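Visitor: Quick note: the sequence shown uses this note's numbering, first residue 73, plus one each step.
Glycine included, each C-beta is placed from N, C-alpha and C at the ideal position.
No experiment lies behind these values; they were computed from the predicted model shown.
The structure under discussion is supplied below as structure tokens; questions concerning it will follow.
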Amino acid sequence: MTQFDQNPAFAAVAAAITERRTVKQFLPTPVAPDVIERLIELAVWAPNHRLNEPWRFYVLTGHACARLGEIAGAITAAKISAVGGEASVAARKGSEAAATWASVPTLVFITMVGDANPEVDLENYGAVCCAIQNFTLAAHVAGIGTSWSSGAVAASPDLLTLVGAGKNERMVGLIRVGYLDPAASPATSRRKPGVAFTRWIEQAPEPVPAPAL
Ligand SMILES: Cc1cc2nc3c(=O)[nH]c(=O)nc-3n(C[C@H](O)[C@H](O)[C@H](O)COP(=O)(O)O)c2cc1C
């Protein structure tokens, strides 16, 4: 704790950061378009080197969610078949996965614009991750839960095709978005304290002598 924790603005930011949780269970109500647009408006204030603005947002609704469900169903069924699972099991699990994804109230697929220069590419990825964090923090404060998915469904080339992404775009996250279900048990998480990962370096190391030739 510091003197800043007495400052309500600091305390509000700290609370949003520490209390935001990954949420996968929502009320069925979709999040209104103006709310999603506002969250995206906040997302794009993320730091981004060279002001590349490397983020692209695709909000999936209606038939697009149903199509995403089909993609997810096919991926699940194929995984089960690949390990020798029975066709009936693959079909049933595939249908369950399809229904689960199709039932998410709102899905926001977020991609980055890749770059042939690895340095810029990494900067762009970092910037889009920051944008997603902005989005999820603002959503949390608005009583909206989110979860970041980067698994097989999010990474599916079919999803890039579904949204009509450009050839140089790559998935950064498929974000489930929905109003918190008060009946769901509150999500929990844990972190080791930041100090456990921190070293303060004062002394410069001795220069390594050049090898004798
Ligand atoms: C780049 C990235 C990818 C992630 N991908 C997934 C994922 O595919 N599935 C998932 O359940 N969670 C995913 N997460 C969420 C983390 O699992 C989650 O943040 C972590 O469990 C901590 O929980 P918390 O967000 O509630 O603090 C991802 C998070 C990040 C930053």
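Could you give the first and the last residue of the continuous beta strand (DSSP E) run that contains residue 180?
Guide: Taking the sequence shown and counting its residues from 1, one reaches residue 180 at position 108. Note, residue 180: beta strand (DSSP E), 178-185.
Visitor: State the CB to CB distance for the pair residue 104 and residue 144, rounded to an integer number of angstroms; the pair is presumed to be in contact (CB under 8 Å).
Guide: Taking the sequence shown and counting its residues from 1, the one referred to as residue 104 is at position 32. Taking the sequence shown and counting its residues from 1, the one referred to as residue 144 is at position 72. Not really, about 25 Å apart at Cβ, beyond 8 Å.
Visitor: Using only CA atoms, which one of 112, 75, 122, 116 lies nearest to residue 194?
Guide: On the sequence shown, position 122 is the one that residue 194 refers to. It is 122.
Visitor: So does residue 242 have its beta carbon nearer than 8 Å to some heavy atom of ligand 1?
Guide: The sequence position of residue 242 within the sequence shown is 170, counting from 1. It does not: the Cβ of residue 242 is nowhere closer than 8 Å to a heavy atom of ligand 1.
Visitor: Determine the contact status of residue 203 and residue 280, defining contact as a CB-CB distance below 9 Å.
Guide: For the purposes of this step, residue 203 is identified with residue 131 of the sequence shown, where counting begins at 1. For the purposes of this step, residue 280 is identified with residue 208 of the sequence shown, where counting begins at 1. In this structure, residue 280 does not lie closer than 9 Å to residue 203 by Cβ.
Visitor: Can you check DSSP and say which residues form a bridge with residue 248?
Guide: Locating residue 248 in the sequence shown gives position 176, where the first residue counts as 1. Paired residue(s): 179, 219.
Visitor: Please report the residue range of the alpha helix (DSSP H) in which residue 225 lies.
Guide: Stepping through the sequence shown from its first residue, residue 225 is reached at position 153. It is not in any alpha helix (DSSP H) - residue 225 carries neither H nor E in the DSSP assignment.
Visitor: For residue 162 versus residue 175, is the C-beta spacing smaller than 9 Å?
Guide: On the sequence shown, position 90 is the one that residue 162 refers to. On the sequence shown, position 103 is the one that residue 175 refers to. Their beta carbons are not under 9 Å apart, which means residue 162 does not touch residue 175 by this criterion.
Visitor: Roughly how many angstroms separate the alpha carbons of residue 244 and residue 277, rounded to a whole number?
Guide: Within the sequence shown, numbered from 1, the residue matching residue 244 stands at position 172. Within the sequence shown, numbered from 1, the residue matching residue 277 stands at position 205. Between residue 244 and residue 277, the C-alpha separation is close to 37 Å.
Visitor: Within the continuous beta strand (DSSP E) that includes residue 128, where are the two ends?
Guide: Position 56 of the sequence shown, counting from 1, holds the residue named residue 128. Note, residue 128: beta strand (DSSP E), 127-132.
Visitor: If residue 76 and residue 252 are in contact, beta carbons under 8 Å, what's the gap, nearest whole angstrom?
Guide: Position 4 of the sequence shown, counted from the first residue, corresponds to residue 76. Position 180 of the sequence shown, counted from the first residue, corresponds to residue 252. Not quite, the Cβ-Cβ distance comes to about 28 Å (not below 8 Å), so this is no contact.
Visitor: Go ahead and pull the three-state DSSP assignment for residue 242.
Guide: In the sequence shown, counting from the first residue as 1, residue 242 sits at position 170. Strand at residue 242.
Visitor: Could you tell me the alpha carbon to alpha carbon distance between residue 112 and residue 283, rounded to whole angstroms?
Guide: Within the sequence shown, the letter at position 40 stands for residue 112. Within the sequence shown, the letter at position 211 stands for residue 283. When rounded, the distance between both Cα atoms is 54 Å.
Visitor: Going by C-alpha to C-alpha distance, which of 148, 136, 260 sits closest to residue 92?
Guide: The sequence position of residue 92 within the sequence shown is 20, counting from 1. That would be 260, whose Cα lies nearest to the Cα of residue 92.
Visitor: For residue 102, is the classification buried or exposed, using 16 other Cβ atoms within 10 angstroms of its Cβ as the cut-off for buried?
Guide: Taking the first residue of the sequence shown as position 1, residue 102 is located at position 30. Its Cβ being crowded by 16 or more others within 10 Å, residue 102 is buried.
Visitor: May I have the straight-line CA-CA distance separating residue 219 from residue 247, to the nearest angstrom?
Guide: Within the sequence shown, numbered from 1, the residue matching residue 219 stands at position 147. Within the sequence shown, numbered from 1, the residue matching residue 247 stands at position 175. Each residue's Cα considered, the two are about 5 Å apart.
Visitor: Looking at C-beta atoms only, is the number of pairs between the stretch 235-242 and the stretch 202-217 that lie closer than 8 Å three or more?
Guide: Not touching, per the Cβ criterion.
Visitor: Please state whether DSSP places residue 260 in a helix, a strand or coil.
Guide: Locating residue 260 in the sequence shown gives position 188, where the first residue counts as 1. If DSSP states are grouped into helix, strand and coil, residue 260 belongs with coil.
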